[in-house]
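Top line first, the protein sequences correspond to chains S and Y. Residue numbers for the first sequence follow the numbering used here, so the first one is 3 and each next one is one higher. Residue numbers for the second sequence follow the numbering used here, so the first one is 49 and each next one is one higher. Cβ coordinates follow ideal geometry from the N, Cα and C atoms, glycine included. Computed from a predicted structure; not experimentally measured.
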Amino acid sequence: MAIDNQTVRKIAFLSRLKVEDDKIEPTKEEFNKILNWIEELNEVNTDTVEPLISVNDVTLKMREDKVTSGNCKDEVLKNAPAAEYDYFAVPKVVE
Amino acid sequence: MSDITRLTVSETLKALKTKEFTSYELTEAYLRNMENARNYNTYITENAEMALQQAKESDIRYAKGENRALEGIPLGIKDLFCTKNIRTTAASHILDNFIPPYESTVTQNLLDDGAVFLGKLNLDEFAMGGSNETSYFGPVINPWSKDKPLVPGGSSGGSAAAVAAHLCAAATGTDTGGSIREPAAFCGITGIKPTYGRCSRYGIVAFASSLDQAGPIAQDVRDCAILLKSMAGFDEKDSTSCEVAVPDYESFLDGDIKGLKIGLPKEYRPDGLNPEIAAYWDKAAEYLKARGAKIKEISLPHTKYALATYYVLAPAEASSNLARYDGIRYGFRADGQHLDDLYINTRTQGFGSEVKRRIMIGTYVLSAGYYDAYFLKAQKMRRLIHDDFMNAFKECDVILTPTSPITAFPIGDESMLENPINMYLNDVFTVSVNLAGLPALSLPIGLSAGGLPYGMQLIGKPFDEGTLFNVAAKIEVDAKFERI
């Protein structure tokens, strides 16, 4: 399944990454190399195989619904690139 | 007195207990080594002031007889573990100003046992790489380098190089596809990736959550046993950590291996296998045989597909995990007129090229229309690879293989850089273990004709790290490998 330039642009946007125009072609070629290599998995018939999602079959435990940490607004905001009025600040999103 | 930074952790603990020197003196000595070896680029952030303070407190504890399991031992921490109030970068520009307000569980466990943190060690960006060359902070130089600078392996390259060069007594690492074992092999030291779920992943910057596991990198097998005991354990903050008792790993070192069945997978010996490593592999098997173990050939039939499976699953999980780096709540932010511009500019400038490559591959294999063909297919392959091991362990107790088909290569090696797949192929002996969630240890076995270390890998049944320590200790004695 070879991908084209249009697909590279689409994946880049889905990844929220920019690929410069002159890098589209080399990126496509590199991806096709990798995808081509991955195609070797199709040599194996897996029609009846159950996918393995996690190696340890622990079932997630229930816990009491209570606050275990909190009231640390200042610590949480300390690493924010921009914060105002005790909130994270972002560019205007509503016109 | 001879150089106290050359002692192993177990030797250091004895010396601290008998007050041959203090933790403060020892920490100062390591800090001096670090200063003199800055050209290796092993540390991203040095933590001298806090380390000396911790050492002082350890000395008080020794004086009072209240010393804990790792009291006063100066460690290096891979810069993927969040450390409270110490900058944690994952070797990425996108996190290069991040100061965590919390501590990872593994590092907290080490602190609770009295460890001293010398600083944060270099790695491949977000642990994605096998040579430490993708770090935003530049490559690490392998202390075994001769005429030209060699890579230390990756991703835990700073950890392995620092341990080998005595810039810390031992270090933490993480392993998603070989990131503890390969650098340990390249730097002539020992490292173990424990069973998935053995160590908590809480507070470790996530790469591929179903594969990531923390473990120690140290000078010898005993030190790894001591460190792992401290790092491991169930943690409520990580739902994938397991409620399994952590044994005293050191107690396994003196066990005997009579009658133990050692499996050698035939698929790990392809026609083109480097004859040097093949010879060391045979030698390691002979050591074990001479001690009464039974050597038998086993088969892991889907080995050939492990790399391709890994390079679907790991990027897929990474693309999802790294979606959080958006420039809003922490880390680097680039300007953008609109929110999407801000995301795109931040991520494009903040991530390096290998990380971007993996995010995009991961996004592609998870995207509508391709999910079944790639992601689901890889999850099914993962089942087959996992079942191969489970079947093999019906016939043997431990599996012995080389860690890597090659020794450390030069920084900037053309063939590795021109095609990313060439770099990925170095993981051929290590990735299956992560896919199957098994414990595996790498220890040095001998030198190449060019004088560079080779590593041997032992793979165990789930939660059977103890047997790995037992067998590794025997190979260690017989191989008589000389560290730097």
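Which complete beta strand (DSSP E) runs does the segment 87 to 112 of chain Y hold, if anything under 3 residues is left out? 91 to 94
For Thr-451/Y and Gln-505/Y, which I take to be in contact (beta-carbon distance under 8 angstroms), what is that distance rounded to the nearest angstrom? 4 angstroms
Interface partners of His-141/Y on chain S, CB under 7 angstroms: What His-141/Y touches in chain S: nothing, since even the nearest Cβ is about 13 angstroms away.
Coarse secondary structure for Thr-411/Y, derived from DSSP in three states: helix
Classification of Gln-427/Y by the beta-carbon crowding that lies within 10 angstroms, buried from 16 upward: buried
Who are the neighbours of Asn-81/S on chain Y, taking C-beta pairs under 9 angstroms? Asn-145, Phe-146, Ile-147, Pro-148, Pro-149, Arg-377, Tyr-378 and Gly-379
Taking C-alpha atoms, which residue in Pro-197/Y, Leu-128/Y, Gly-202/Y and Glu-291/Y lies nearest to Thr-182/Y? Gly-202/Y
Check whether the Cβ atoms of Phe-146/Y and Asn-81/S lie closer than 8 angstroms to each other. yes
Rounded straight-line distance, which links the Cα of Glu-73/Y to that of Ala-99/Y: 11 angstroms
When the Cβ atoms of the segment 84 to 100 of chain Y are set against those of the segment 122 to 133 of chain Y, are three or more pairs found closer than 8 angstroms? yes
Coil, strand or helix - Val-269/Y by DSSP: helix
How would you call Pro-93/S, buried or exposed, if buried means at least 16 neighbouring beta carbons within 10 angstroms? exposed
What residues are listed by DSSP as bridge partners for Gly-162/Y? Answer by DSSP bridge pairing: none, since Gly-162/Y is not bridged.
Helix, strand or coil at Ser-490/Y [DSSP, three-state]: strand
Starting from the C-beta of Pro-323/Y, find all residues in its chain whose C-beta is less than 7 angstroms away, skip the five residues before and the five after it, and write them out in chain order. none
Is it right to say Ala-212/Y is buried, meaning 16 or more other beta carbons lie within 10 angstroms of its own, or is it exposed? buried
Would DSSP call Asp-59/S helix, strand or coil? coil
Just checking my contact of Glu-173/Y with Ala-210/Y at CB under 8 angstroms: how many whole Å lie between their CB atoms? Glu-173/Y to Ala-210/Y, Cβ: 18 angstroms. No contact.
CA-CA distance, Asp-302/Y and Ala-382/Y? 56 angstroms
Using the C-alpha atoms, what's the distance from Tyr-378/Y back to Thr-394/Y? 11 angstroms
Do we get a CB-CB distance below 8 angstroms when we pair Glu-77/S with the residues of chain Y? yes
Measuring only the C-alpha atoms, how far is Gly-239/Y from Gln-8/S? 44 angstroms
What's the C-alpha gap between Tyr-412/Y and Lys-25/S? 17 angstroms
Tell me where the alpha helix (DSSP H) around Gln-397/Y begins and ends. 387 to 398
Whole angstroms are fine: how far does the CA of Val-46/S sit from the CA of Gly-251/Y? 38 angstroms
Going by beta-carbon coordinates alone, are Gly-162/Y and Pro-492/Y separated by less than 8 angstroms? no
Listing by chain order, which chain S residues have their CB less than 9 angstroms from the CB of Arg-430/Y? Pro-53, Leu-54, Ile-55 and Val-57
Judging by CA-CA distance, which residue of Tyr-110/Y, Tyr-373/Y and Lys-67/Y is the nearest neighbour of Asp-388/Y? Tyr-373/Y
Going by alpha carbons, who is nearest to Glu-315/Y out of Arg-249/Y, Asp-160/Y and Phe-437/Y? Phe-437/Y
Examine chain S for any beta-carbon lying closer than 8 angstroms to the beta-carbon of Ser-183/Y, and answer yes or no. no
Since Lys-30/S and Val-10/S are thought to touch, with beta carbons under 8 angstroms apart, how far apart are those beta carbons, to the nearest angstrom? 5 angstroms
Is the beta carbon of Gly-400/Y sitting closer than 8 angstroms to the one on Ser-367/Y? no
8 angstroms Cβ cutoff met for Tyr-359/Y and Tyr-472/Y: yes
Near-chain S residues of the segment 454 to 470 of chain Y - C-beta to any C-beta below 8 angstroms: Asn-467, Pro-468 and Ile-469
Checking contacts by CB at 8 angstroms: is Ala-4/S closer than that to chain Y? no
Does DSSP put Ile-237/Y in a helix, in a strand, or in coil? coil
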